[in-house]
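Here is the structure we will look at, set down as structure tokens.
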């Protein structure tokens, strides 16, 4: 829905789509006035994963106090907000209902515009934050989103203008990291533990497949790699060697796909990598090489912006509000919400 | 309960078994897929759904993150559950388990179902065999149909 001209002011962002409860207040130029992230990792550790019912209850327990604290620290009263942006999909439905419902309630109570933010768009636009050390990305650019729930390669032409170049045919790459870590007996969350274990291993010790390498297009597949890790464990390879070899194979697979994407979108000016897996140094290094070879700027927003956070949600809200876009208060959260279904201004 | 053990020499054999199961499946059926990580549960589910949809290119993403993926098949809805991240059967209600049972449900990590496991389900237990690509499948349930698998 296109609104009237937006009177710029501070915007509250709320993120509850998976296992982080997060809130942030941003000035209209993107400056972070206050932010908070509470990871539910500890509560989930017992179960080795994100358990949706627990996630929804924990979001509900933490969000109201967290929003009050970030508003207080930002020195902004609720009625002083110029917008409220809440992640409304894709994600786990319980958390989405809690976060977007809370945001809509606040918007209704104070007569503030509401933006239902697509979590994937928030990741895509985080690279355009003006204060990033490497400078903001300028569309058109390529986005490689690699997390526990998503593996996507997207051409970003501008706000609301996204073309999906490829997605995973089976497991998401972060899921593959978590499952490989589980096979190696590592604690949740698996990615960082696997990276630490890999430091002492030989990345060439265990022969593993390079999923999709050389195949046309930009789709991913990580299921076979997971199976190969299970077999390597059964064969008795050293855990550190398996971890290092898995990481090398996953990084090589991502690099191959990113290279394809660069060839598919020759007008792209940068390769942006976001999502929790972007925090992996080996993955980062492999993608940096691809970008250099393709003559693209390599932009990896800092890790706190790569994992789930509310700064990117507030920023996506600011970008949409600035373009005259907001959403009605009866907007329903969507567990599945492909980027391609978003509207452009 | 009658059970049958099949040796599946490669992925194609797993997929062929899944297609045979799909040909006999009807609304209200539950197919419970057990086995360790990497045993081929998702590969089985993918082949089942593609065969039932009559679409060899059907996208079947992992339900690990979303917990359930739903499909509209020619013979009604099918729901692919991955209960790996669930703590127990109490969380199933949140996922719409009761409603899903009207259609076909494919369930990975069915151990989490506990007492909610449908007694008339087809159980497919997959495990790695000696050769890398081979699997062993132990089938049980479906007393009226198991002979045709």
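Residue numbers (my numbering), protein chains in the order written: chain A, 1242 to 1586; chain B, 727 to 875. Even for Gly, the Cβ is constructed at its ideal location relative to N, Cα and C.
Item                                                                                                                     : Value
Partners in chain B for residue 1530(A), counting only beta-carbon separations shorter than 7 Å                          : Within 7 Å Cβ-Cβ: nothing; residue 1530(A) doesn't reach chain B, min ~28 Å.
Span of the beta strand (DSSP E) around residue 1224(A)                                                                  : Because chain A in this structure spans residues 1242 to 1586, residue 1224(A) falls outside the shown range and cannot be described.
Cβ of residue 1244(A) within 8 Å of any chain B Cβ                                                                       : Confidence in residue 1244(A) is poor, its pLDDT being 47 and thus under 50, which makes the residue's placement unreliable; the coordinate value appears in the next sentence. Chain B contact via Cβ: absent.
Straight-line gap, residue 1315(A) to residue 1261(A) (C-alpha atoms, nearest Å)                                         : 21 Å
Residues of the region 739-754 of chain B whose Cβ lies closer than 8 Å to any Cβ of chain A, in chain order             : none
At least three beta-carbon pairs within less than 8 Å, the region 1409-1420 of chain A to the region 799-806 of chain B  : no
Where the alpha helix (DSSP H) containing residue 1559(A) begins and where it ends                                       : 1552-1563
Cβ-based burial, residue 1362(A) [other Cβ within 10 Å; buried from 16]                                                  : buried
Where the beta strand (DSSP E) through residue 1266(A) begins and ends                                                   : 1261-1267
Start-end ranges of the alpha helix (DSSP H) lying completely within the region 1393-1442 of chain A, minimum 4 residues : 1414-1424 and 1431-1439
Assumed close pair residue 1512(A), residue 1495(A) - CB separation to whole angstroms, cut-off 8 Å                      : About 11 Å; that fails the 8 Å criterion.
Which listed residue (1270(A), 1259(A) and 1461(A)) has its alpha carbon closest to that of residue 1557(A)              : 1270(A)
Best match in 787(B), 805(B), 812(B) and 771(B) for proximity to residue 744(B) [C-alpha to C-alpha]                     : 771(B)
Alpha helix (DSSP H) runs wholly inside the region 1518-1550 of chain A, at least 4 long, in chain order                 : 1522-1535 and 1544-1547
Rounded separation between residue 1368(A) and residue 847(B) - CA only                                                  : 49 Å
Any chain A beta carbon closer than 8 Å to residue 731(B)                                                                : no
With 16 other Cβ atoms within 10 Å as the buried cut-off, status of residue 1349(A)                                      : exposed
Bridge partners - residue 1324(A), DSSP secondary structure assignment                                                   : 1252(A)
Per-residue burial, residue 1476(A) [other beta carbons within 10 Å of its own, 16 or more giving buried]                : exposed
Residue 1560(A) versus residue 1248(A) - alpha carbon distance                                                           : 13 Å
Straight-line Cα distance separating residue 1404(A) from residue 1509(A)                                                : 12 Å
DSSP-derived helix/strand/coil call for residue 731(B)                                                                   : strand
Positions along the region 778-799 of chain B whose CB lies within less than 8 Å of some CB in chain A                   : 785, 786, 787, 788, 790, 791, 792 and 793
Contacts that residue 858(B) makes with chain A (C-beta to C-beta distance below 8 Å)                                    : 1472
Three-way DSSP call (helix, strand, coil) for residue 815(B) in this model                                               : helix
For residue 1287(A), the three-state DSSP class (helix, strand or coil)                                                  : Because residue 1287(A) sits at a pLDDT of 49, beneath the cut-off of 50, its placement in the model cannot be relied upon, and the following sentence gives the value as read from the coordinates. If DSSP states are grouped into helix, strand and coil, residue 1287(A) belongs with coil.
Distance between residue 1462(A) and residue 1356(A) (C-alpha atoms, nearest Å)                                          : 33 Å
Same chain, Cβ closer than 7 Å to residue 855(B), neighbours up to 5 away in sequence not counted                        : 733, 861 and 862
Contacting residues, own chain, Cβ-Cβ under 6 Å from residue 1521(A) (five flanking each side not counted)               : 1436
Continuous beta strand (DSSP E) stretch holding residue 858(B): start and end                                            : Residue 858(B) -> no beta strand (DSSP E), and no H or E assigned at all.
Residue 1542(A) burial status per 10 Å Cβ neighbour count (16 or more: buried)                                           : buried
Outcome for residue 1413(A) when other beta-carbon atoms lying within 10 angstroms are tallied against a minimum of 16   : buried
Residues that residue 775(B) contacts on chain A, provided the C-beta gap is smaller than 8 Å                            : Result: empty, since nearest Cβ-Cβ is about 12 Å, beyond 8 Å.
Simplified DSSP state of residue 756(B), which is helix, strand or coil                                                  : strand
Cutoff 8 Å: residue 768(B) Cβ touching any chain A Cβ                                                                    : yes
Amino acids of chain A, ordered along the chain, whose beta-carbon sits closer than 9 Å to that of residue 829(B)        : Simply none; closest approach about 18 Å.
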